[in-house]
Amino acid sequence: MRILFFSVKNFRSVDETQTIDFVKGRVGGSPLVKGGWEPHVRPVTILMGPNAAGKSNVIDAMGYVTTAIQMQSRGFIAPLPYMPFMLEESRRQDPSEFEFDFLHEGVRYRYYFAYGAQGVEAESLYEVNNKTGHWNKIFEREVEDGRSNITWRQGILTAADKRVLQSATSKELVFPFSSRLPETQLASLSAAVASDFVDFIPTGEIHQNRRRQLLIQMIKDKEFRLEDASRLLNLADTGIISVTLDEKKISQKLLKKFRTIREALEASITKGDEESGSESTAPITEEDAESIAYNLVFTHQGREKTRFTTADESDGTLSWLAYAPSILRVLRTGGVLVADELDASLHQRLVEVIVRAFTNPQVNVHQAQLVFSSHNTNFLEYMKELGLEPESFWFVEKNPEGASQLYPLDSFETHKNANYETRYRGERYGAIPNISEEALVNLVQEGQRPPLGGVVHG
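What follows is the structure in structure tokens.
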């Protein structure tokens with residue numbers, strides 16, 4: 001699955017509708033383009049702007065949609081959080097609105113929902129007819145006083161299936177709910193979106209424990225290969241030459257299970273079947289996964305080949321170990337990977353290698369997409385070397401009313417040999433912090449103690 005557009009309205013710092021597109025060449029005005037949408041998918045999108053401008057809120061909006069779809073498709077029904085724009089009183093009564101266009105098996109779809117204080121208020125799903133180029137309704141839903149009114153395209157579902165979906169409460173979204181219908185086209189589409197829409201990687205210091213949990217989850221989901229881990233840590237220049245399992249510290253039963261999984265994963269990579277590794281082996285429990293994770297051994301280069309456990313390793317090493325398999329997976333199979341401040345825990349050189357992997361069509365053969373926020377203006381300076389274009393950069397800043405606004409670099413006049421970093425730092429494009437050095441100096445001097453000797457040099 002690939003994402004083409006994402007829009008959000010009345011969510012956290014976002015007031016009016018803000019739309020970010022993930023399309024090359026600005027061809028998004030038409031529902032259908034010659035040759036299909038696949039060649040027009042942009043591989044990398046970078047959000048830039050000052051602190052508190054709303055970059056994280058834009059990414060969180062994507063996460064909100066992802067979480068809602070994934071949780072409800074699995075049958076976990078709970079009220080979604082309602083987080084409207086709080087700086088305008090009228091907005092506190094309006095729903096938050098989300099919409100995204102995506103590609104699945106060559107067809108463009110558009111999914112929308114509005115969620116307010118009482119739950120779902122509206123929802124719709126459309127698809128583009130590849131023969132006529134017109135949008136066709138799959139369903140539209142309106143909710144009033146807790147009761148849904150759903151209109152369906154003729155022939156899309158049986159009467160019995162429609163009755164099942166009509167039972168969805170105001171806390172439930174019909175689209176992910178439909179994934180539980182047996183053998184329907186809508187269920188297949190919903191399940192595909194739930195599994196492939198967006199993969200988030202937990203970045204920043206606040207997610208340190210989450211990264212450790214992600215490592216455990218990857219082991220539990222049978223997505224962790226020691227050989228991959230060793231090579232990934234080596235390419236990141238961590239000083240680690242191998243990752244092994246301390247077989248003396250885990251039970252023989254778990255060791256046997258782990259070896260079976262390892263063999264299945266090897267076979268899945270050899271055969272190019274990503275699913276066989278997870279389906280052909282016994283399940284791993286949370287306890288099993290924790291035991292494996294905390295008994296990994298990292299051998300460092302040097303004369304003595306020092307060995308450390310997971311508990312001894314730096315957060316930087318564990319961050320890369322948590323991120324890297326997701327990066328590797330989407331590059332191998334396709335998908336959308338999203339990270340807030342990807343470079344907060346990784347060296348710039350490593351992030352550049354990741355970006356180039358996504359922009360290199362010989363590596364990124366499945367058109368995987370990477371979306372992340374950053375404060376690093378060097379991405380602008382090395383745009384060409386990284387395979388990026390002006391349209392790859394989107395700026396986020398707040399207007400005088402405190403609402404976040406999104407706009408792309410290529411909405412300005414662009415030049416072939418322009419130094420975009422210098423222009424950005426020179427405030428040509430906005431979305432740069434207005435920092436007063438004088439204010440900091442004055443603040444320091446107001447409470448400053450005299451130096452030793454009592455003489456202040458002025």
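According to the UniProt record's numbering, the sequence shown is numbered sequentially starting from 1. Note that the Cβ used here is the ideal one computed from N, Cα and C, for glycine as well. Only a predicted model underlies this, so the values are computations on that prediction, with no experimental measurement involved.
Classification of residue i by the beta-carbon crowding that lies within 10 angstroms, buried from 16 upward
i, result
"Thr306", "exposed"
"Pro433", "exposed"
"Ser167", "exposed"
"residue 467", "Residue 467 falls outside the range modelled here, since the chain spans only 1 to 458, and no answer is possible."
"Leu157", "buried"
"Gln445", "exposed"
"Leu265", "Residue placement at Leu265 is flagged as unreliable, the pLDDT there being 48, under the threshold of 50; the coordinate-derived value follows with that caveat. Buried, by the Cβ-count rule."
"Gln185", "exposed"
"Leu443", "exposed"
"Glu438", "exposed"
"Asp340", "buried"
"Asp246", "exposed"
"Asp60", "buried"
"Gln93", "exposed"
"Gln18", "buried"
"Ala236", "buried"
"Glu172", "buried"
"Gln369", "buried"
"Ser90", "exposed"
"Asn51", "exposed"
"Leu181", "buried"
"Pro84", "buried"
"Glu123", "buried"
Beta-ladder partner(s) of residue i, from DSSP
i, result
"Ser7", "Thr19 and Glu99"
"Trp152", "Phe139"
"Phe395", "Met48 and Tyr407"
"Ser242", "Thr299"
"Arg307", "Thr299"
"Leu125", "Tyr111 and Phe139"
"Gly35", "Gly35 pairs with nothing; no bridge assigned."
"Asp237", "Paired residues: none, contrary to the question."
"Val41", "Val23"
"residue 459", "Because the chain spans 1 through 458 in this model, residue 459 falls outside it and cannot be assessed."
"Val14", "Phe11"
"Asp199", "Leu337"
"Arg2", "Leu103"
"Arg428", "Paired residue(s): none; Arg428 is not in a bridge."
"Arg147", "Glu144"
Residue i, enclosing alpha helix (DSSP H) - first and last residue
i, result
"Arg141", "Per DSSP, Arg141 belongs to no alpha helix (DSSP H); it is in the beta strand (DSSP E), Trp135 to Glu144."
"Ser195", "Gln185 to Asp196"
"Phe177", "Val174 to Phe177"
"Val58", "Lys55 to Ser73"
"Asn442", "Glu437 to Glu446"
"Gln166", "Ala159 to Gln166"
"Glu313", "Looking at the DSSP string, Glu313 is not in any alpha helix (DSSP H), and its letter there is neither H nor E."
"Arg423", "Tyr420 to Arg425"
Own chain, CB closer than 6 Å to residue i, minus 5 neighbours either side, in chain order
i, result
"Glu121", "Pro95, Ala114 and Val143"
"Lys24", "His40 and Arg42"
"Glu275", "Reliability of the predicted coordinates at Glu275 is poor, the pLDDT of 45 falling under 50, and the value obtained from them is presented with this limitation in mind. Nothing listed; no residue qualifies."
"Glu381", "Glu421"
"Ser13", "Gly54, Asn57 and Ser404"
"Gly35", "none"
Sequence-distant residues of the same chain with beta carbon closer than 8 Å to residue i, five excluded per side
i, result
"Glu401", "Asp15, Leu87 and Glu88"
"Arg108", "Leu4, Pro31, Leu32, Trp37, Asp101, Phe102, Glu127 and Val128"
"Arg26", "Glu391 and Asp410"
"His300", "Gly239, Ile240, Ile241, Thr306, Arg307 and Phe308"
Close-in-space but distant-in-sequence residues of the same chain around residue i (CB under 7 Å, 5 per side omitted)
i, result
"Gly272", "A caution first: Gly272 carries a pLDDT of 47, below 50, which makes its placement in the model unreliable, though a value can still be read off. Excluding positions up to five away in sequence, the list is empty."
"Ser392", "Arg42, Val44, Thr45 and Ile46"
"Phe76", "none"
"Phe177", "Gln72, Leu165 and Ala168"
"Val363", "Leu331 and Ala357"
"Gly430", "Phe395 and Glu397"
"Gly316", "Ser345"
"Asp196", "Met1 and Gly335"
"Lys162", "Trp152"
Chain D within 7 Å of residue i, Cβ atoms only
i, result
"Trp320", "No chain D appears in this structure, which consists of one protein chain only."
Near the ligand SAM: residue i beta-carbon under 6 Å from a heavy atom
i, result
"Gln362", "Ligands are entirely absent from the displayed structure, and the ligand SAM is therefore not among its contents."
Inset, instruction - Tell me the start and end of each unbroken alpha helix (DSSP H) in the region 333 to 386 that is at least 4 residues and wholly inside, in chain order. - result: 348 to 359 and 378 to 381
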